[in-house]
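Take the first sequence: its letter number 874 is residue 874 in the working numbering, and every next letter is one higher.
Beta carbons: idealized from backbone N, C-alpha and C, even for Gly.
Since we're looking at a predicted model, the values are computed, not measured.
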Amino acid sequence: MIMEQNYKPAIIEKKWQNIWSQDKVFEAEPDSRDKYFITIPYPYLNGNLHAGHTRTFTIGDVIARHKRMQGYNVLYPMGFHVTGTPIVGLAELIANREPQTMEVYSKFHGIPKDILEGLDSPEKIVEYFSVEAEKAMRSIGYSIDWRRKFTTTDETYKKFIEWQYNLLYEKGLIVKGSHPVKWCPNDDNPVEDHDILRGEEATIVDYTLIKFTYDGMILPCATLRPETTFGVTNLWINPDVEYVKAKVKTDEYEETWIVSEEAYNKLTYTDRKVEFIEKISGLDIIGIKVKNPLTDSEVITLPASFVRGGNGSGVVMSVPAHAPYDYLALKDLHDKDLSEYGITENLQNIQLIPLIDVPEYGEYPAVEAVEEFGVHDQNDPKAESATKMVYRREFHGGTLKENTGKYAGTKVSKIKDLLTQDLIDEKIGEIFYEFSEPVVCRCGTPCVVNMVKGQWFLNYSNPEWKDKVYRCIENMDIIPEELRVEFNNKVDWLKDKACARKKGLGTRLPFDKDWLIESLGDSTVYMSYYIVAKFLSEDIKTEQLVPELFDHVLLGKGSVQDAAERSGIDASVIESMREDFNYWYPVNLRSSGKDLIPNHLLFFLFHHVAIFKEENWPRAIAINGFVSLEGQKMSKSKGPLLTLSEAVKDYGADISRMYILSSAEQTQDADWKNSGIESARRQVDRFYHFAKDTIDTKCTSGACKEKQLIDRWIQSRLQQRISETNEALKSIRTRQALQNSFFLLLNDVKWYQRRGGKTLQYDILDTWVRLMAPFTPHICEEIWSEMEETQGYVSLEKYPEYDPQFIDRDAEAGEELIGNTFSDVEEIIKVTGIKPQKLVLYTASQWKSEAFKQALELQRQGDLNPGILIKKLMQDPEMRPYGKEVPKFAKKVVDDIKAMKEDKFEMVSGFDLDEKETLKEAINFFEKEIGCEVQIAREGEETYDPEKKARFAAPMRPAIYLE
RNA sequence: GCGAGGGUUGCCCAGCCCGGUCAAAGGCGCCGGACUUAAGAUCCGGUUUCGAAGGAAUUCGAGGGUUCGAAUCCCUCCCCUCGCACCA
């Protein structure tokens, strides 16, 4: 078959996809080769695959193809994620013909209207999008082993998930507890982010409640800094706020609390039982003496208008040594007559109690900050700045003083959780949740924090579990390496996670069937399921997937016979499953978008270390950035969106791949632009035409023919491009890889042809096609099949590898001499405006070359300086005749050499060609390019030199005469 | 606020770890030229400023500092993006 005149991606791509599929080229089976198991997170099917998927999946495919060509047995599988609520929600929206959804899914997801209207149940949605997703991934040429695909609602997969959750439960890693959620009292339901009218940004903050006591009752103070309880001098009560006396009951106690009315309402939503007793005025509890439960000291309650009933409990601790507001408020009361509150004592006698040492301040940070900022009183806006400054400095640099007893010396940044836990244990403190800002539901009702009780949690805060994860990360490659610290931070930050839901698709918790397993929790170790999945197409029934089977296949527990007996599956089949697992596991690389770091990837690690032996823990994680569309964020539910299939339809698979791979590196975000992909089209086109030209002219390998300087040069260059490409792919830098394998190499090829290179054209193509195959596999397959001396699939060929024997420093230095000389000539022509009639190039005379060599030699020995060089040169009788010029030349040479970087120095000192001969070889090139007669001469020889230019010649820098 | 990443020549971005050939790779855009009946594609050149001999001057978020020498190292500041959870 003859290659088409013009590059027609659609035809070529379809053709090769069919051939790969028919020939099962990417169906991986264990064999004697080393294996490489690469996975990317399966897509969630509430829409079609888009440009974001295109990036992550294509990166995965490039690595898979690269490793495969490097001789690894590569497994790149794929499945579909459908568990959770969004698909259920989408089905409802479609069933209700919700206008925006219908618009977005027909316009951006490209679903024909009649089909879209039929997608009114979760099952139909899953069916439709799984078919579309597979079609899309095949259309872009991913080298996926499709025999292993599955959907997370498959009954067989549910068996696998049940097995996993039972295992975690047995290991005590799933525990029951309560957790706070945003709650609308009117709807009597949790509010999700899109149900929120105001306060979308709000987070749930955990305050510590300190139980001050008075006359058998409790005045709880909410604080974010429980350690300051040691420094409390008084409490603040707002005389204008309504307070409530109430009975508060938990499993452990029954107490009487006094809190603001609003706080009382909030308490009714917590996991405490509260019973209203009576309303009281703030006035009633001002001027009383309460007991600090931590220090047992008695402090007075004082009036303060800044206390808000809606904030915390409405009772506030005052720590004037460290809180500017408290200090200011207290100072304001100094001269006030408080007899109306029944307070007669002199407040000036209240002593500030410092409890934190911080380098920036002395005894009383709040006092210093107030002076530093020049704050007048508590209503001065500068009070806020002073507060922030004190808090920040204390949090980062502060340690607790002696008066904090056993906590003395603890860093402020570490004290909160520690102390709060102790307070809870001693029953003098509790946790109280509150929003960081008010939250209002869509229905207009202010939301509260509600405790959901009896919730199942994955016990991620378990320190032993975390330690294993840290160890796992330590032994993994994190690509790029800078993110390692981020992973460790996130492990540190991770708390217990609710792992069960009432709504959505998924698997029921095997030990509590009222609950569904949360959808991120069922996607943590499924990479092992790909290995099992291959066997399930045979006649294995769902019921046969008993725990003993998974125990044996995935963990090596129990005997084959036992597993066979329990499951009723042939022992031989179970044995192959086990062998396959042993062969493919662990995961060599999981490549993913950066949005999954704090969730999926973390859980992926946690569950692996919990379930598998250390030898089966993941080996590497790679991270890539997002994709935007012409500068706009994509959105599945609102648009804009570019689907994978639309990109392939409009531009072709190879061009789309090339574009997305070259537009951004690693964690950088990519912006998909029309103008960008248009130019990618032209690039691929150039490659096609170079190949076509080579094939049409029926050239064959010139490897055995005699080589010119330029041939040796391109061979050498090619090796560098190969080396750089392989290096870049090693750390998943696809942009850098393409930069070398395509753009820079293309420029090299252009120079090669311009310089008249011909002999190695076929050999260049041979290497180039293999080099490009992971990126643009279809066009490479097509070219490969048309080349004279090739056979088989380029997808399975050997990837080019760096071969130092082709590195040719002489040729590179020679070409550099020619190139530099040529651009110097061009610049002279440009600056002078001369229309060249004749060009003479004078290479440096013998003595200069000799001096240069000696200078290089001295540099190598490490003692190059002008003095030594001149001395050494002048000892040489051959140099004597040039005695006047030597010192000046020597100085210049020394400067030049000193400024050289290592590889430049290596290249220059390795140069052993005769410059005159080198330029002579390129004389045709100069004549063609400059368009005039060219002579090459050497300084000092009898030659045409009307303007005495020859004397400016230096090694690697010939003098130039133009007329 | 906390954590992570980033600000380079019209744009996208490489270089920064390991200071010197860095006016700074590559791509895009734009300008000019060649080819062509023409357009496109392709190829060549230019794209901070000055320059009638291959040169020089000023640049790498801002300001300081270290150094013979800084886009690269140190300090301070400004600005941008992302994550902060029970949602996939």
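Assigned with DSSP and collapsed to three states, L93 falls in helix. Cβ neighbours of W515 within its own chain (closer than 8 Å, five residues either side excluded): W456, A500, R501, K502, R508, L509.
With respect to the 9 Å criterion, I710 and G639 are not classified as neighbours on the basis of their beta carbons. D145 sits away from E13, with the two beta carbons spaced by 9 Å or more. Look at the region 606 to 643 and you find these whole runs of beta strand (DSSP E), each 3 residues long or longer: 620 to 624, 627 to 629. When DSSP assignments are scanned along the region 421 to 449, the uninterrupted stretches of beta strand (DSSP E) that are 3 or more residues long and fall wholly within it turn out to be 429 to 435. In this structure, I655 places its C-beta atom within 9 Å of the C-beta atom of V684.
Y802 is a Cβ neighbour of S723, given a cutoff of 9 Å.
If you compare the alpha carbons of P438, L554, E579 with that of R198, the shortest gap goes to P438. Taken through DSSP and simplified to helix, strand or coil, F276 comes out as strand.
In the DSSP assignment, T776 is bridged to no other residue.
Within a 10 Å sphere around the beta-carbon of S823 sit fewer than 16 other beta-carbons, which makes this residue exposed. Put simply, the backbone Cα of E372 is about 31 Å away from that of D417. Bridge partners of D477 according to DSSP: A620.
I531 and Y165 do not touch by the CB rule: their CB atoms are close to 20 Å apart, not below 8 Å. F230 is the residue among F230, I695, D496 whose C-alpha sits nearest the C-alpha of V319. Unbroken beta strand (DSSP E) stretches of 3 residues or longer found wholly inside the region 503 to 554: none. Between K149 and G79, the CB-CB gap stays under 9 Å. Counting only runs of at least 3 residues, the region 236 to 267 fully encloses the following beta strand (DSSP E) elements, listed from N- to C-terminal order: 242 to 249, 254 to 260.
Counting the other Cβ atoms within 10 Å of the Cβ of C780 gives 16 or more, which makes it buried. Annotation for P220: no alpha helix (DSSP H) segment contains it, though the beta strand (DSSP E) segment containing it runs 217 to 223.
Contact between the region 33 to 53 and the region 80 to 87 is present: 3 or more CB-CB pairs across the two stretches fall below 8 Å.
When the Cα atoms are used, E275 and K247 turn out to be separated by approximately 5 Å.
Annotation for S121: no alpha helix (DSSP H) segment contains it, and DSSP assigns it neither H nor E. In its chain, beyond the 5 residues on either side, G625, F626 have a beta carbon closer than 6 Å to the beta carbon of D669. In this structure, the CA atom of I870 is about 10 Å from the CA atom of G883. Around the beta-carbon of I111, 16 or more other beta-carbon atoms lie within 10 Å, marking it buried. Going by beta carbons, L536 and F37 fall outside the 9 Å limit. Rounded to whole angstroms, the gap between the alpha carbons of L347 and G287 is 12 Å. For the pair of segments examined, the region 387 to 399 was found not to touch the region 336 to 345: the number of CB pairs separated by less than 8 Å stays below three.
Here L919 carries a helix assignment [DSSP, helix/strand/coil]. With fewer than 16 other beta carbons inside 10 angstroms of its own, Y253 counts as exposed. When DSSP reads this structure, F80 sits in a beta bridge with T151. Taking the Cα of V449 as reference, the smallest distance to any Cα among R712, P877, E941, D188 is reached at D188. Residue range 838 to 843 is occupied by the beta strand (DSSP E) that includes T843.
Y944 counts as exposed, since fewer than 16 other beta carbons sit within 10 angstroms of its beta carbon.
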